[in-house]
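*Asks:* Dumping the structure here so I can ask a few things about it.
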Amino acid sequence: MNENGTLELSYFPGCSMATSAKESNLSLMEVTERLGLRLVELDDWNCCGSSSAHSLNQDLAFHLATRNLSLASPDRPLIVMCPSCLHRLQLAHKRIKEHAEVRAQEESLWGRPLNPELEIFHFFEVLSGIDRSRLEKAIVRKLSGLRFVPYYGCMLARPPALRRERNYHQLMEKILSGFGAQAMPWAYSARCCGTFLAAARPDVATPLVNKIIEGAHKAGAECIITACAMCQLNLEIRCSLDSKIPVLHLSEILALALGAEGHGGWFKRHLVDPRPVLKSRGLLN
Amino acid sequence: MEQQSPPKSMIELIDCDSSFRHEVNESSGENVGLCFHCRTCAGGCPFVEAMDHPPHGVLRLVQLGLRKEALECSTIWVCVACNTCSIQCPMAIDIAAVMDALRSMAIRQGIKIAEPDILAFHREVINSIERYGRTHKLEIMMRYKIRTRNWFQDMDIGLKMMAKRKLDLRPSRVREIGEMAGIFEGKNEGGDHE
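See the structure below:
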């Protein structure tokens, strides 16, 4: 908590939020500001290694994660928005916490201390910690019945080593329903988007994405809402159906509901334009 | 009666290497012997149709000590570590971690890689992180297309992403990139830490 009564949290954006999904990052900043939080970007953070580092070389993946941990301020929790970055950082942190000698090696590698008690959370943890009535009081634009399907992708799945971490089943449904949107039941909320296969093997990713999009249509949704920037991109670029559906990042729709005004540049960056749907619900002029 | 030839999918149990299972267990930190082939992983895997063996099938190859078959299969490369199987496995085997271990072993042991394009993609991502400390998507995709000679595949999507400014021309960089150089030594040798 700083002198203005704002709660400060360290923030690891990750490569997607920093570049291809800038609009998700900007909207997240609007959301946190309106909720009285300040996200302080980890100074000089590096890529968590993505799928590729741990796929080929687990040592490299570990070092990439520990450098980020060494940059985190010891006195505030570290918030991560990307589910995959979160797992890499949590797994590395678990290892340095459980093995003091490994921690010492990594501390000497980076020349900085590592805090074994550092708390690392997804942004969902922040959302779930805010009192629901306080959240609903902050609403500026009701989501007026917007029919959405919540898409978690693989973010609710995790390796057995992290099974004691919190999980957030139904969080998007609960929060957005409170904001006046309507969650449609469907079968694909936890079906993986294909991650790097969207780039490396589009022939594998496309049928998978098409099934997810078809599922959203069948559920009667007007849009898909996800909390992962990579899912958001993959569902947009790998759908080969004529009938597309807009995919919004959770932070974008929350920012709209909380009265963000800086959204001019966000929605035109989408490959499937969400503006007609948002306008039809009176959420955009 | 004429003797029938065995079906093609049959695996011959010759050259079983009993040390292989121990190597995989040590490298992954898991115990593949726990798998009793309930097939939950195969039922839940979103990518199983693109694999030559379902996830539990790979565990079976490891249990039987079929080193070559396990390390040459496509499954270990098609797996994206979405953890759908790992969270559903009733024996709590971290199957994605076993796949990580098998990929690293395949690279270290110079095995023929079943999915060279996927390996090429991973290498370009790691090279990008080595150069900038972060991934530069445009350059990764360009280099990947050059490496796999797939010049025109995805050109339309690339152009759309450029038009929407989804692909930055310049990379986002780590300032103190020098302190990271050491961790990339042996990056292609498949290091594992268990």
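Chains A and B supply the protein sequences, listed in that same order.
Position one of the first sequence corresponds to residue 394 (the numbering used here), numbered consecutively onward.
Position one of the second sequence corresponds to residue 610 (the numbering used here), numbered consecutively onward.
For glycine and all other residues, C-beta sits at the position ideal for the given N, C-alpha and C.
If I follow the unbroken beta strand (DSSP E) through residue 404 (chain A), where does it start and stop?
*Replies:* The residue labelled residue 404 (chain A) in the question sits at position 11 within the first sequence. Where residue 404 (chain A) is concerned, the enclosing beta strand (DSSP E) stretches over 400 to 405.
*Asks:* From residue 662 (chain B) to residue 655 (chain B), what does the alpha carbon distance come to, in whole angstroms?
*Replies:* Working through the second sequence from its first residue, we reach residue 662 (chain B) at position 53. Working through the second sequence from its first residue, we reach residue 655 (chain B) at position 46. Using only the alpha carbons, I get a separation of about 13 Å.
*Asks:* Nearest to residue 766 (chain B) by alpha carbon, out of A:418, A:632, A:655, A:400?
*Replies:* Against the second sequence, residue 766 (chain B) aligns to sequence position 157. The residue with the shortest Cα to Cα distance from residue 766 (chain B) is A:632.
*Asks:* Have a look at the DSSP bridge pairing and note the partners of residue 434 (chain A).
*Replies:* Residue numbering aside, residue 434 (chain A) sits at position 41 when the first sequence is read from its first letter. Bridge partners of residue 434 (chain A): A:404.
*Asks:* So what does DSSP say about residue 543 (chain A), is it helix, strand or coil?
*Replies:* Start at 1 with the first residue of the first sequence, and residue 543 (chain A) comes out as number 150. Strand, per DSSP.
*Asks:* Output, in sequence order along the chain, the residues in the region 425 to 438 of chain A whose CB is closer than 9 Å to any CB in chain B.
*Replies:* Within the region 425 to 438 of chain A, the qualifying residues are 436, 437, 438.
*Asks:* Under DSSP, the beta strand (DSSP E) around residue 471 (chain A) begins and ends at which residues?
*Replies:* Translated into positions along the first sequence, residue 471 (chain A) becomes position 78. Its beta strand (DSSP E) spans residues 471 to 473.
*Asks:* Just to make sure I have the definition right: I need the residues of chain B whose C-beta is within less than 8 Å of the C-beta of residue 465 (chain A). Which are they?
*Replies:* Here residue 465 (chain A) refers to the residue found at position 72 when the first sequence is read from its first residue. Here the premise fails: no neighbours, minimum Cβ distance about 15 Å.
*Asks:* Roughly how many angstroms lie between the CA atoms of residue 495 (chain A) and residue 720 (chain B), to the nearest whole one?
*Replies:* Working through the first sequence from its first residue, we reach residue 495 (chain A) at position 102. Working through the second sequence from its first residue, we reach residue 720 (chain B) at position 111. Spanning the two alpha carbons is a distance of roughly 31 Å.
*Asks:* Just the C-alpha distance for residue 803 (chain B) and residue 493 (chain A), rounded to the nearest angstrom, thanks.
*Replies:* Reading the second sequence from its first residue, position 194 is the one you call residue 803 (chain B). Reading the first sequence from its first residue, position 100 is the one you call residue 493 (chain A). Because residue 803 (chain B) carries a pLDDT of 43, less than 50, the predicted location of this residue cannot be relied on, and no value is offered for it.
*Asks:* Should residue 731 (chain B) be flagged as near chain A, meaning a C-beta pair shorter than 8 Å?
*Replies:* Looking up residue 731 (chain B) in the second sequence gives position 122. It does: the Cβ of residue 731 (chain B) has a partner Cβ on chain A nearer than 8 Å.
*Asks:* Measuring only between beta-carbons, confirm whether residue 725 (chain B) sits less than 8 Å from chain A.
*Replies:* Translated into the one-based positions of the second sequence, residue 725 (chain B) becomes position 116. For residue 725 (chain B), the answer is no, since every Cβ of chain A falls outside 8 Å of its Cβ.
*Asks:* Quick check on residue 446 (chain A) - is its C-beta less than 8 Å from some C-beta in chain B?
*Replies:* Start at 1 with the first residue of the first sequence, and residue 446 (chain A) comes out as number 53. With 8 Å as the cut-off, residue 446 (chain A) counts as an interface residue toward chain B.
*Asks:* Name the chain A residues whose beta carbon is nearer than 8 Å to that of residue 687 (chain B)?
*Replies:* Within the second sequence, numbered from 1, the residue matching residue 687 (chain B) stands at position 78. Those within 8 Å of residue 687 (chain B) in chain A are 590, 594, 597.
*Asks:* Let me know if residue 408 (chain A) comes out buried or exposed under the rule of 16 or more other beta-carbons within 10 Å of its beta-carbon.
*Replies:* Here residue 408 (chain A) corresponds to residue number 15 of the first sequence, with the count starting at 1. So residue 408 (chain A) counts as buried.
*Asks:* Going straight from the alpha carbon of residue 623 (chain B) to that of residue 675 (chain B), what length do you get?
*Replies:* Counted from its first residue, the second sequence places residue 623 (chain B) at position 14. Counted from its first residue, the second sequence places residue 675 (chain B) at position 66. Cα-Cα distance, rounded: 8 Å.
*Asks:* For residue 634 (chain B), I'd like the list of residues in its chain whose CB is within less than 8 Å of its CB, leaving aside the five on either flank, ordered along the chain.
*Replies:* Looking up residue 634 (chain B) in the second sequence gives position 25. Once the five neighbours on either side are set aside, the close Cβ partners of residue 634 (chain B) are 640, 641, 642.
*Asks:* Do we get a CB-CB distance below 8 Å when we pair residue 641 (chain A) with the residues of chain B?
*Replies:* What you label residue 641 (chain A) is simply residue 248 of the first sequence in a count that begins at 1. Taking Cβ atoms only, chain B never reaches closer than 8 Å to residue 641 (chain A), which makes this a no.
*Asks:* Can you tell me whether residue 641 (chain A) is helix, strand or coil according to DSSP?
*Replies:* Taking the first residue of the first sequence as 1, we reach residue 641 (chain A) at position 248. It is a strand residue.
*Asks:* Among A:427, A:602, A:638, whose alpha-carbon lies nearest the alpha-carbon of residue 614 (chain A)?
*Replies:* Counting from one through the first sequence, the residue named residue 614 (chain A) turns up at place 221. The option with the nearest alpha carbon to residue 614 (chain A) is A:638.
*Asks:* Which same chain residues end up closer than 7 Å to residue 667 (chain A) when comparing Cβ atoms and leaving out the 5 residues on each side of it in sequence?
*Replies:* As a working mapping, residue 667 (chain A) is identified with position 274 in the first sequence. Taken in chain order, the residues that qualify are 616, 639, 641, 660.
*Asks:* Let me check understanding here. Comparing Cα to Cα, which of A:564, A:440, A:431, A:412 lies closest to residue 453 (chain A)?
*Replies:* Counting from one through the first sequence, the residue named residue 453 (chain A) turns up at place 60. Closest by alpha carbon: A:440.
*Asks:* For a cutoff of 8 Å on Cβ pairs, would you count residue 674 (chain B) as touching chain A?
*Replies:* As a working mapping, residue 674 (chain B) is identified with position 65 in the second sequence. Answer no: the Cβ-Cβ gap between residue 674 (chain B) and chain A never drops below 8 Å.
*Asks:* For residue 575 (chain A), which residues does DSSP report across the bridge?
*Replies:* Taking the first sequence and counting its residues from 1, one reaches residue 575 (chain A) at position 182. Paired residues: A:540.
*Asks:* Would you say residue 443 (chain A) lies against chain B (beta-carbon separation less than 8 Å)?
*Replies:* Within the first sequence, residue 443 (chain A) is the residue found at index 50, counting from 1. Closer than 8 Å to some Cβ of chain B, the Cβ of residue 443 (chain A) qualifies, so yes.
*Asks:* Following the continuous beta strand (DSSP E) through residue 514 (chain A), name the residue where it begins and the one where it ends.
*Replies:* Indexing the first sequence from 1 puts residue 514 (chain A) at position 121. Note, residue 514 (chain A): beta strand (DSSP E), 513 to 515.
*Asks:* Are residue 705 (chain B) and residue 552 (chain A) closer than 8 Å when you measure CB to CB?
*Replies:* As a position in the second sequence, residue 705 (chain B) is number 96, starting the count at 1. As a position in the first sequence, residue 552 (chain A) is number 159, starting the count at 1. Contact flag set, yes.
*Asks:* Distance cutoff 8 Å, beta carbons only. Does residue 456 (chain A) sit that close to anything in chain B?
*Replies:* Taking the first residue of the first sequence as position 1, residue 456 (chain A) is located at position 63. True, the Cβ-Cβ gap to chain B drops below 8 Å.
*Asks:* Based on the DSSP output, what are the partners of residue 744 (chain B) in its beta bridges?
*Replies:* Translated into positions along the second sequence, residue 744 (chain B) becomes position 135. In the DSSP output, where bridge partners are listed per residue, residue 744 (chain B) has none listed.
*Asks:* Which runs of the beta strand (DSSP E), 3 residues or longer, sit entirely within the region 441 to 489 of chain A?
*Replies:* The region 441 to 489 of chain A contains these whole beta strand (DSSP E) runs: 471 to 473.
*Asks:* Look at residue 636 (chain A) and residue 610 (chain A) and say whether their C-beta atoms are less than 8 Å apart.
*Replies:* Reading the first sequence from its first residue, position 243 is the one you call residue 636 (chain A). Reading the first sequence from its first residue, position 217 is the one you call residue 610 (chain A). Closer than 8 Å, so yes.
*Asks:* Could you compute how far the alpha carbon of residue 723 (chain B) sits from the alpha carbon of residue 779 (chain B)?
*Replies:* Start at 1 with the first residue of the second sequence, and residue 723 (chain B) comes out as number 114. Start at 1 with the first residue of the second sequence, and residue 779 (chain B) comes out as number 170. Their backbone Cα atoms lie some 33 Å apart in a straight line.
*Asks:* Tell me, please, whether the CB atom of residue 692 (chain B) is closer than 8 Å to any CB atom in chain A?
*Replies:* Here residue 692 (chain B) refers to the residue found at position 83 when the second sequence is read from its first residue. With 8 Å as the cut-off, residue 692 (chain B) counts as an interface residue toward chain A.
*Asks:* List the residues of chain A whose Cβ lies closer than 7 Å to the Cβ of residue 758 (chain B), in chain order.
*Replies:* The residue given as residue 758 (chain B) occupies position 149 in the second sequence. Near residue 758 (chain B) there are no residues of chain A at all, since even the closest Cβ is about 14 Å away, more than 7 Å.
*Asks:* Three-state secondary structure (DSSP) at residue 757 (chain B)?
*Replies:* For the purposes of this step, residue 757 (chain B) is identified with residue 148 of the second sequence, where counting begins at 1. Three-state result, residue 757 (chain B): helix.
*Asks:* Verify whether the separation of the beta carbon atoms of residue 474 (chain A) and residue 511 (chain A) is less than 8 Å.
*Replies:* Counted from its first residue, the first sequence places residue 474 (chain A) at position 81. Counted from its first residue, the first sequence places residue 511 (chain A) at position 118. For residue 474 (chain A) and residue 511 (chain A), no; Cβs fall outside 8 Å.
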